[in-house]
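Following this line, the structure appears as structure tokens:
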């Protein structure tokens, strides 16, 4: 049985590069030889034991690679093709998928919904930080990479670009909107780009790291607010002349950011939540206007599937958004443990790390 | 100066029938001679001092009456016409109104948004529990009553019908949805009717008062759950075979009902909040699926304006929904203090009280 | 090789019951033993050579039956289960499906869109007027029938109920709308029921056959207009007091009905087209207000897939709509040629015919 | 009575600068001293007698100016303020307005809808090509110009920017869409910019004038097609690899452009029509897929009102779109007859003309 290297969750605080068998595939699957992948903030939650996965699981959900083998029922692709798959790999055929809610894709034996069920790689099945990856429901999830795009150019499509953009899309951002994006990590930066793509004309980014605030400006922020240098809520109310924002995108996953987003909304505004929370949340009565302010709080998991990937690669190909500068470091898969160490400690100005396999 | 009787907020726990001058009107206003009005749960919050209004304010926001006098700029109506106006009386011309958000109608001198600014009667200007009512922005807010409808038939249109229906509308209820309505007071009962009008086919009402549960069935509930007789969350999960509901409508305004609504949602479902809250709310992490469950929490204040009123009276006129049985008691305006006493203590199975003026 | 009886298109004006092999199935398919099916108006177009299909094709796209055999990859069902499948059987995994547009489902080798590509049964693959039916992409398309519903109760779900309801859904019918449905054949009658389910309060049905007009009233029409007894456009403008309708549903597929729908729309209204046209259409300049009237013309093919079927059967199960009276005649499959003769000539007040197999 | 100069429709082929009284204003009106305005293609239709207006009417619907006088009921503005008003000036209070359909604003005495009723300036009341303009319903329609923007920078906001953007907005353009804009006059060029603002990543402009095609590229077109140099439908199908476009924006108002838009749509696509038509339109059966292709045809009149104007000026202020290069010529009001002559004959590469009043 052929062997491959894979980054495996062993126990809390230990993700280790190990030898594992190359995955078998079934009739609906594809086997991808990974050429480039990356580490996500969520993987760090897994590393720290904050998000539970089974011991022995291969981590990672952002695959770029080449089709090594196709299941017998997978039409429309050929071996040797360069492809990506989304972090979320819906089946396409559950009731959830047929409601347009593939991120909550469920088993076919019951109602077809399962919370976060669309997220499989590195969560419920082996993931992408390995030499090979089995892609479930491949016909619904593989998407060919245009020849003129490098791996690095499309590396953000599977997760953070899809997630960040969805913050603006779900928030219903439209032409002329005032939008705040609270926290400018990779997801928040993509939310800034997404807000601009949806027509927002005033985009306020909130963070305290100057490199991130600079990048936000390049991606479309018209203003940045350093929350350590001022009272950010007051500053945003000042910038909007007391009006407040149409859409506030929460991109961190904490009570203070969630609450601040509510507090800068105009009546009738929308809080679009992207963060992964670790605790109960509090909705402050005043910010919520006692329930009478026509405030919507929307949330969601990254949209996946091949049509989403096709669209996001089209955004890249036509130059609408360029996220290459988010990739601040590159490591070989052989050195992925070092990459985890760097990323977990957020050293050296790291934003995203490209993990390369092969020679 | 002509005098009239009006129910006035004097101080906490005292709403008193007093003599006040008949209101003057400006060029955009109308003066309505009230024939029928009612008392809302919100008025009880005012009575108890839980919702602050100025001393001396006339209470009430559900007017049915006859046009006594029209301002010089009000076109399209004539004196003597039977009309209603919504509880919410937007100006039509603020930025909020022009965003379709008239309930958050604001002053024209600033950004045009003000939290709850559309609610004026018995909140920021004198209200409807009086012999006469000044209606602001009358051309935008008056709506003629079809001749074949009685005052009692249209008495619920200004507030609770509009509010209850909006719970289903904002929740995006559609054909084949499973909907729960949590709490079956007048608003919740209207939400049941609204869910049915929007195409929900499984409608579960939750309460413990059997008269309310019976009325819910008449208005379209396919199931009722007595939250004192069982664990209601478990019972709803059982009724939906473990799937959960598409839309959960909160119709009370408390932490337990809000939280229970979240806990019975399917992944990707919507919590539509109608309640007026008195405290911060907690979003439990599990029900919220850590922010990754595609859960939306929508809220809002009753839609007003003449087009809304026209549509709601059309619902009544064509027999789609009949809310007359909600009116369990009738009092003269002269006896409104007794009516407040009955309603505040929820005695005698009271649902809604018609307050009649005149002989 | 096992044989079965099947209604086969032989040539123009000849659909004949023949012996054919029982279909083989692949890993994603299911084999259904048909217990009940019906004949659609579209089948008559095929019979008359107005809609081209290959010679030798089995006709029919409205299956009710029992799972005889399941492909190896089909999860969530068991042999012996009573099921329906929609007339439209999307794969779930094409780009079209992932855009929520499964009726235009396309091949996976190209862009994933194909005009009408979701309609396969009795169009591009063998259909349901036979003893057995191969269901493509079975996991996406089969839906179990609740035990308490008869075949006849769910027989309209696969096509005309889904089609008729979609006329109201695509038209955006909402609470308080005035809707006209032009032509009250089976599809138009379902559109009446759909408009009511979506909250329309004034529903005007147009036809000239009194049995159909009577049935429209039972299904929710508040008014019926006999287009032979009056100028229907003028009558509708009179009924709406000169305002016009919010949504006009075209349910026949001819120039006069299409044009009349436009001519009764209020400015800003929507024409929702359900008809299958045989000729170019003309948009009259006046009805279209020279392109400046905010008029939308929406159209579409019947939505399919298992979630749609589940919802429609829920409508039936909860008694929201009862279409049993649409089934005016019953024939055995052995006598299907007689059924075609009756239906093609619209004799004996026929609306829909149940075709039963078995003893 | 004070006099002013105004461009008046005298008879077919004669718009003449005449002396007229400065308008009186009522309590809801404002009087604007025009500083800059422009001539619209629609004005040329009026000039040629193709669109009927009353003799003696002042033409023009794109005002930039200074508040000279405010009606007694107009709050939120002050005399001397620099303002624009939209070409469409809805009242805010009709039923149409309260449905979000202010372009079809109607009289208050009837149903509140009137086809194109929101367009008043230079259509049903005196217009902007004059020294002074009466603005109806001023509180709903005036919008202050940010100090840092010149008249020329905001001159396109009242009409063509609002119209062009609405082509993309009504078409539902979203991230990753392929959009064609057919005809690249001022409206079409604004539609290109609008498509980009809404997230389209492939934008194909069709015209034959090279200056227009160049400008389209600057505003966001990724491809341009010269319809005289090739079969444009075939070229677009080739550019999209046979798929077709998601949204086709018609920006001329002729049968060939309307039909071509249909013919390049993918199944499930949307034709967004901006053109003003002069004849009945034909929908070709094949392009319409016999009514079964999930094709939507949406249309509309330019959105107006102060909130729209505020948003469009924000687009300009934040540099999202710069339309100054559309203004190819400048004339004094005194010379407006020459400007009409130039514009009507489309000489000298004219796109839009700034008409300036004052010294």
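Residue numbers (UniProt numbering), protein chains in the order written: chain A, 1 to 359; chain B, 1 to 359; chain C, 1 to 359; chain D, 1 to 359.
Quick reminder that beta carbons are idealized off the backbone N, C-alpha and C, glycines included.
Values in this document were obtained by computation on a predicted structure and should not be read as measured data.
On the DSSP letters alone, give me the boundaries of the alpha helix (DSSP H) that residue i sits inside.
i: residue 300(C); result: No alpha helix (DSSP H) contains residue 300(C), which DSSP labels as neither H nor E.
i: residue 218(B); result: 210-219
i: residue 254(C); result: That residue, residue 254(C), is in no alpha helix (DSSP H); it is neither H nor E in DSSP.
i: residue 236(B); result: 232-239
i: residue 196(A); result: 186-197
What are the boundary residues of the beta strand (DSSP E) that residue i is part of?
i: residue 269(D); result: 265-273
i: residue 35(D); result: 30-38
i: residue 64(B); result: 64-70
i: residue 134(D); result: 132-135
i: residue 61(A); result: Where residue 61(A) is concerned, there is no enclosing beta strand (DSSP E), given that its DSSP letter is neither H nor E.
i: residue 45(A); result: Run containing residue 45(A): none in the beta strand (DSSP E); it sits in the alpha helix (DSSP H), 41-47.
i: residue 201(A); result: Neither: residue 201(A) is in no beta strand (DSSP E) and is coded neither H nor E.
Which residues in chain A sit within 8 angstroms of residue i, going by Cβ to Cβ distance?
i: residue 95(C); result: 306, 307, 310
i: residue 92(C); result: 91, 92, 93, 97, 98, 140
Of all the options the options, which has the alpha carbon lying nearest to the alpha carbon of residue i?
i: residue 10(C); options: 3(C), 18(C), 4(C); result: 18(C)
i: residue 66(C); options: 80(C), 214(C), 151(C); result: 80(C)
i: residue 160(D); options: 319(D), 174(D), 38(D); result: 38(D)
i: residue 63(B); options: 251(B), 153(B), 212(B); result: 153(B)
i: residue 246(A); options: 262(A), 194(A), 22(A), 232(A); result: 262(A)
i: residue 322(B); options: 166(B), 34(B), 197(B); result: 197(B)
i: residue 122(A); options: 42(A), 218(A), 348(A); result: 42(A)
i: residue 382(A); options: 311(B), 253(B), 317(B), 292(B); result: Absent from the model: residue 382(A). The displayed extent of chain A is 1 to 359, so no value can be given.
i: residue 222(C); options: 298(B), 314(B), 149(B), 344(B); result: 314(B)
i: residue 217(D); options: 180(D), 124(D), 139(D), 52(D); result: 180(D)
i: residue 115(A); options: 302(A), 348(A), 319(A), 329(A); result: 302(A)
i: residue 328(B); options: 312(B), 335(B), 348(B), 319(B); result: 348(B)
i: residue 305(A); options: 56(A), 144(A), 24(A), 69(A); result: 144(A)
i: residue 351(D); options: 243(D), 280(D), 213(D); result: 213(D)
Could you tell me whether any non-hydrogen atom of the ligand MG is closer than 7 angstroms to the CB of residue i?
i: residue 126(B); result: Of the ligands one can find in the structure shown there are none, so the ligand MG has no counterpart to examine.
Taking C-beta pairs closer than 7 angstroms, name the residues in chain B that residue i reaches, listed in chain order.
i: residue 108(D); result: 75, 76, 139
i: residue 298(A); result: 296
In this structure, what does DSSP give as the bridge partners for residue i?
i: residue 225(B); result: 206(B)
i: residue 143(C); result: 84(C)
i: residue 282(A); result: 282(B)
i: residue 4(C); result: 20(C)
Going along chain A in order, which residues have a C-beta closer than 7 angstroms to the C-beta of residue i?
i: residue 99(C); result: 307
i: residue 279(B); result: 285
Mind listing the chain B neighbours of residue i? Cutoff is C-beta to C-beta under 9 angstroms, in chain order.
i: residue 28(D); result: 27, 28, 73
Mind listing the chain D neighbours of residue i? Cutoff is C-beta to C-beta under 9 angstroms, in chain order.
i: residue 247(C); result: Those do not exist, as residue 247(C) stays about 13 angstroms from chain D at its closest Cβ, beyond 9 angstroms.
i: residue 111(C); result: 240, 241, 242, 243, 244, 266
Chain D partners of residue i, CB-CB under 7 angstroms?
i: residue 103(C); result: 294
Between residue i and chain A, is any beta-carbon pair separated by less than 8 angstroms?
i: residue 253(B); result: yes
Against residue i, what residues of chain D qualify as contacts under a CB-to-CB distance less than 8 angstroms, listed in chain order?
i: residue 209(C); result: None at all; the shortest Cβ gap to chain D is about 23 angstroms.
i: residue 336(A); result: The premise fails here: residue 336(A) is roughly 32 angstroms from chain D at the closest Cβ pair, so nothing lies under 8 angstroms.
Could you tell me whether any Cβ in chain B is nearer than 8 angstroms to the Cβ of residue i?
i: residue 273(A); result: yes
i: residue 202(C); result: yes
Starting from residue i, find everything on chain C with Cβ-Cβ shorter than 7 angstroms and list it in chain order.
i: residue 276(D); result: 290, 291, 292
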